[in-house]
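Residue numbers (the working numbering), protein chains in the order written: chain V, 6 to 253; chain W, -16 to 611.
Just so you know, even glycine gets a beta-carbon here, dropped at the ideal spot from N, CA and C.
It should be emphasised that the depicted structure is a prediction, and the values quoted were computed from it without experimental measurement.
Scroll down for the structure; my scribbles are underneath it.
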């Protein structure tokens, strides 16, 4: 069932697929075609090295990245891509759904995160939503963002533990602060805080727009901003804290 | 230079006669005597004044071996040395008084141990016979008399006098001072460490020695009024000295001869009483007996200790035994002196300082040994403590690792439990379903739906196991948020209108099992809606119904308060209601089991082309019978 219009002209190209598993890569290609892409609009990299090689020669608009690659974790690539091309949509497609990894991917600059095992239709719609400018945030992420960035906290989040990198550990550990430091207050505007609360309840962008009498596009923009603020502030905060603790 | 021609003595007035009488020189009764003189031999029991007449004349010295200048010069002074006068006396040379002691009546000055030395100017020396009168007042029974006298040139006489002074007065004084000092020191030590009685007894020994030894130096017997009182006092001190030394020996070496010591103390007490109370006439024998007894105690103590040290063979004891041998020798010698068996100076006065130093050494040695033992003990204690600490740490570590492995075991049990509940039962059911199907084999779609349902179960178990925060969601809105996000996106993409009506609060605290069951339930219901119903509208509802409340949607009245979770759609429904269960995905059938196991009820309504409703009803305030 395709209830969306074929907006090939407006689809961001080219697309970078970083996936070492043959079957999954084929699946993604098929989905892209269903979305309206044509053969040739995307490149498939089977490893980090390959992906980096592609990135040197071409400037991608969208990336679908798997985390479990043969020569390393896709997280490094995400941060590189985000730093070099901030406007790029980076979607993480992974078989791991642990909260730590999701948070870390988002910290590094990913736009969204979805599980491989979801149905084709779900992945398709997710990618489409991301392409249309939405930044789908998991509700539990929204909860954490609320506690981290100075809104009211809906739940007391337990102190995080992550084995992967000090900055991530710091960032995740920052969740344990009951009161965010003064520097974080005011990072989110009241409107953004409101939106984040609705995201935490699981509302879709359209529902949020309806609720707040905004256009869907405006709501999506707000959410994107929130993401960016999260990535920047949490990264700088994490770096600062890590430096203070002598980790760097 | 001078030659003593004759010495004679005569009794004067006894004590009790008037002063003038005592001052008169007797006319008769002069007997020639030899100095030193103890008049008790001649006039036993005479207590009073005795006059001594010493006739001498200056004489030419023997021809000098040196030619030339003669050392004799009539203008040179002469010197007189008197060994002692027992007790007090007066000396007159040719009518000039040389000296007069402080008190010639009671209380008598004590000069029995006091040498005198007088330089006589040449003008006092008559040519021919000179007479030196010495009046001595004393008690016959106490050895009264005049000691040796020497007259000659100072060069000859003075050295003898000085030697005498040294041995009779200086050394004893030195002796007493040391004894007093040591007594003070050890008294202080004992006051700090009352348990170490040896130190206390030694202090007493020292002090008793001082009081006893003062007898050799004291001239004025204040505060006592008479010689015999003084004598009692001295002997009492002597006995104290002897007993204290005995006790010191016993305590120092750890001897425990109770009976012996007690009997000795008994005797001593008797002696004290006698000494204090016996009348003067019977004093002398008591004094002698006491002194003798005391000395015997001392000697006996020393001899006994030799055997004791031989028995124990401890270094300390042997050292003390050696000291005591010295003491034995000097003590015996002085005893013989006392008993007039020898005529010399007392050895104790000379030996005593050495003895004292040895004793101090001994006590200091013991003190140091104690200190060392304390340090060693301290060290041992530290060692012990560190061993204990290490043991404790090991125990704690063992306990800790035990707790850790216990916790890990618990987690593994929990995981296996979750897997069994979540995935295992669904798998078993799926297998049963596939096995039981007689007739045409299942369609590929069927198999797929089974597998996908199992995958969803596994996904839930994994998410739950790995979740940081496994607490139950605080309110239904929080609980439904992930589902809402996922399926909301899907429905929007599919053009399906979806409404979510969720209560604000849980009616009670739900268990994780119930929460997970409800989550899977809604998940499967919505999956079915997407896959099979072709609906355009979906309603997801969570509501709490009070007891007796009429529920419009449920079209029933619930007797007890109930939590109702419902998914309704307006799709094509299930075509064969009788086979509704069969047509339902394996997923919803598993959900029925899980809901029922969580203590709830599973309800299904469906009409052909009229939509489907699946509902889970959980009673409120139920003590969950499920495992979690």
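According to DSSP, residues forming a beta bridge with residue i
i: residue 545 of chain W; result: W:528, W:602
i: residue 585 of chain W; result: W:599
i: residue 61 of chain W; result: W:103
i: residue 113 of chain W; result: W:39
i: residue 34 of chain W; result: W:-7, W:118
i: residue 59 of chain V; result: Answer by DSSP bridge pairing: none, since residue 59 of chain V is not bridged.
i: residue 480 of chain W; result: W:520
i: residue 552 of chain W; result: W:521, W:595
i: residue 14 of chain W; result: W:-8
i: residue 79 of chain W; result: W:76
i: residue 218 of chain V; result: Bridge partners of residue 218 of chain V: none, in fact.
i: residue 118 of chain V; result: V:97
i: residue 135 of chain W; result: W:62
Same chain, Cβ closer than 7 Å to residue i, five either side skipped, listed in chain order
i: residue 185 of chain W; result: 169, 231, 342, 346
i: residue 277 of chain W; result: 221, 222, 225
i: residue 107 of chain W; result: 76, 77, 79
i: residue 203 of chain W; result: 85, 92
i: residue 19 of chain V; result: 46, 47, 48, 63, 65, 66
i: residue 48 of chain W; result: With a pLDDT of 49 at residue 48 of chain W, under the threshold of 50, the modelled position of that residue is not reliable, and no figure is offered here.
i: residue 554 of chain W; result: 512, 516, 517, 518, 594, 595
i: residue 207 of chain W; result: 90, 213, 216
Residues near residue i in its chain [Cβ-Cβ closer than 6 Å; skip 5 each side]
i: residue 190 of chain W; result: 166
i: residue 508 of chain W; result: 550, 597
i: residue 89 of chain V; result: none
i: residue 87 of chain W; result: 71, 120
i: residue 522 of chain W; result: 482, 551
i: residue 1 of chain V; result: This structure gives no information on residue 1 of chain V, because the portion of chain V shown stretches from 6 to 253.
i: residue 13 of chain W; result: -9, -7
Endpoints, beta strand (DSSP E) assigned at residue i
i: residue -11 of chain W; result: -15 to -3
i: residue 66 of chain W; result: Note, residue 66 of chain W: premise wrong, no beta strand (DSSP E); not H, not E.
i: residue 48 of chain V; result: 47 to 50
i: residue 76 of chain V; result: Here residue 76 of chain V belongs to no beta strand (DSSP E), and DSSP marks it neither H nor E.
i: residue 68 of chain V; result: 67 to 70
i: residue 20 of chain V; result: 20 to 23
Residue i - containing alpha helix (DSSP H), residue span
i: residue 251 of chain W; result: 241 to 260
i: residue 188 of chain W; result: 180 to 196
i: residue 430 of chain W; result: 427 to 449
i: residue 271 of chain W; result: 266 to 295
Residue i classed as buried or exposed, judged by whether at least 16 other C-beta atoms fall within 10 angstroms
i: residue 20 of chain W; result: buried
i: residue 100 of chain V; result: exposed
i: residue 599 of chain W; result: buried
i: residue 24 of chain V; result: buried
i: residue 195 of chain W; result: buried
i: residue 175 of chain W; result: exposed
i: residue 439 of chain W; result: buried
i: residue 232 of chain V; result: buried
i: residue 155 of chain W; result: buried
i: residue 377 of chain W; result: exposed
i: residue 165 of chain V; result: Confidence is the limiting factor: at residue 165 of chain V the pLDDT is only 34, short of 50, which leaves the residue's position unreliable, though a coordinate-based value still follows. Its Cβ being crowded by 16 or more others within 10 Å, residue 165 of chain V is buried.
i: residue 358 of chain W; result: exposed
i: residue 187 of chain V; result: Confidence at residue 187 of chain V is low in this model, with a pLDDT of 35, below 50, so the placement of that residue is unreliable and no value is reported for it.
i: residue 362 of chain W; result: exposed
Cβ pair residue i, residue j closer than 8 Å
i: residue 152 of chain W; j: residue 91 of chain W; result: no
i: residue 113 of chain W; j: residue 39 of chain W; result: yes
i: residue 602 of chain W; j: residue 545 of chain W; result: yes
i: residue 132 of chain V; j: residue 97 of chain V; result: no
i: residue 56 of chain V; j: residue 93 of chain V; result: no
i: residue 105 of chain W; j: residue 138 of chain W; result: no
i: residue -3 of chain W; j: residue 31 of chain W; result: yes
i: residue 573 of chain W; j: residue 436 of chain W; result: yes
i: residue 217 of chain V; j: residue 206 of chain V; result: no
i: residue 53 of chain V; j: residue 82 of chain V; result: yes
i: residue 109 of chain V; j: residue 130 of chain V; result: no
Same chain, Cβ closer than 8 Å to residue i, neighbours up to 5 away in sequence not counted
i: residue 487 of chain W; result: 458, 459, 460
i: residue 42 of chain V; result: 13, 16, 18, 20
Interface partners of residue i on chain C, CB under 7 Å
i: residue 575 of chain W; result: Considering every chain present, this structure includes no chain C. Its protein chains are V and W.
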